[in-house]
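> Structure provided below as structure tokens; questions to follow.
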Amino acid sequence: MKTLTMIEMAGCPYCANAHRAMNALRAEGGSYADVTVDFIDENREPEKTQPFAGQYYYVPSIFMDGEKLYEAQPGHSYDKIYAEVKHAFDAVREKTHNS
16 MKTLTMIEMA
26 GCPYCANAHR
36 AMNALRAEGG
46 SYADVTVDFI
56 DENREPEKTQ
66 PFAGQYYYVP
76 SIFMDGEKLY
86 EAQPGHSYDK
96 IYAEVKHAFD
106 AVREKTHNS
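This is the structure in structure tokens:
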């Protein structure tokens, strides 16, 4: 299965909501439980963000194969973040089925 990459920052409430959404989706079971996410903390591992330089400003930002699938914006609600995380998880599942 393809892997998602999520760039985040400690203490970010939008990042916390993205984690909450991922946990909720995985709790549903099925293939959502199989989605792998590599987490990069922008402050602790800035060198790991270099491949994504210029592609995002806000966190969390979620990528698959270098393509940005979601970038949070100020004011995004949990419901919006959940929908975008679900979209990213669905993209991984679809890409895996088509590979």
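Residue 16 is where the sequence shown starts when you use this note's numbering, and the numbers rise one by one after that.
Think of the CB as a built atom: it goes at the ideal place given N, C-alpha and C, for glycine as much as any other residue.
#1: Since Thr-64 and Thr-18 are thought to touch, with beta carbons under 8 Å apart, how far apart are those beta carbons, to the nearest angstrom?
#2: Count the other CB atoms, across all protein chains shown, that sit within 10 Å of the CB of His-91; report buried if there are 16 or more and exposed otherwise.
#3: For the alpha helix (DSSP H) that Thr-111 lies in, which residues bound it at each end?
#4: Report the rounded CA-to-CA distance for Tyr-72 versus Glu-86, giving the unit in angstroms.
#5: What does DSSP give as the partner residue(s) for Lys-83 in the beta ladder?
#6: Nearest CA to the CA of Ala-48: which residue from Ala-98, Lys-110 and Phe-104?
#7: Classify Met-37 as helix, strand or coil using the three-state DSSP reduction.
#8: Quick one: is Asn-32 buried, meaning 16 or more other Cβ sit within 10 Å of its Cβ, or exposed?
Looking at the atomic coordinates:
#1: Within the sequence shown, numbered from 1, the residue matching residue 64 stands at position 49. Within the sequence shown, numbered from 1, the residue matching residue 18 stands at position 3. No, Thr-64 and Thr-18 are not in contact; Cβ-Cβ is about 16 Å, not under 8 Å.
#2: Taking the sequence shown and counting its residues from 1, the one referred to as residue 91 is at position 76. Its Cβ being crowded by 16 or more others within 10 Å, His-91 is buried.
#3: Stepping through the sequence shown from its first residue, residue 111 is reached at position 96. Residues 93 to 112.
#4: Counted from its first residue, the sequence shown places residue 72 at position 57. Counted from its first residue, the sequence shown places residue 86 at position 71. Spanning the two alpha carbons is a distance of roughly 8 Å.
#5: The sequence position of residue 83 within the sequence shown is 68, counting from 1. Bridge partners of Lys-83: Phe-78.
#6: Here residue 48 refers to the residue found at position 33 of the sequence shown. Ranking the options by Cα distance to Ala-48, first place goes to Phe-104.
#7: Start at 1 with the first residue of the sequence shown, and residue 37 comes out as number 22. Three-state result, Met-37: helix.
#8: Walking along the sequence shown from the start, residue 32 turns up at place 17. With 16 or more Cβ atoms within 10 Å of its Cβ, Asn-32 is classed as buried.
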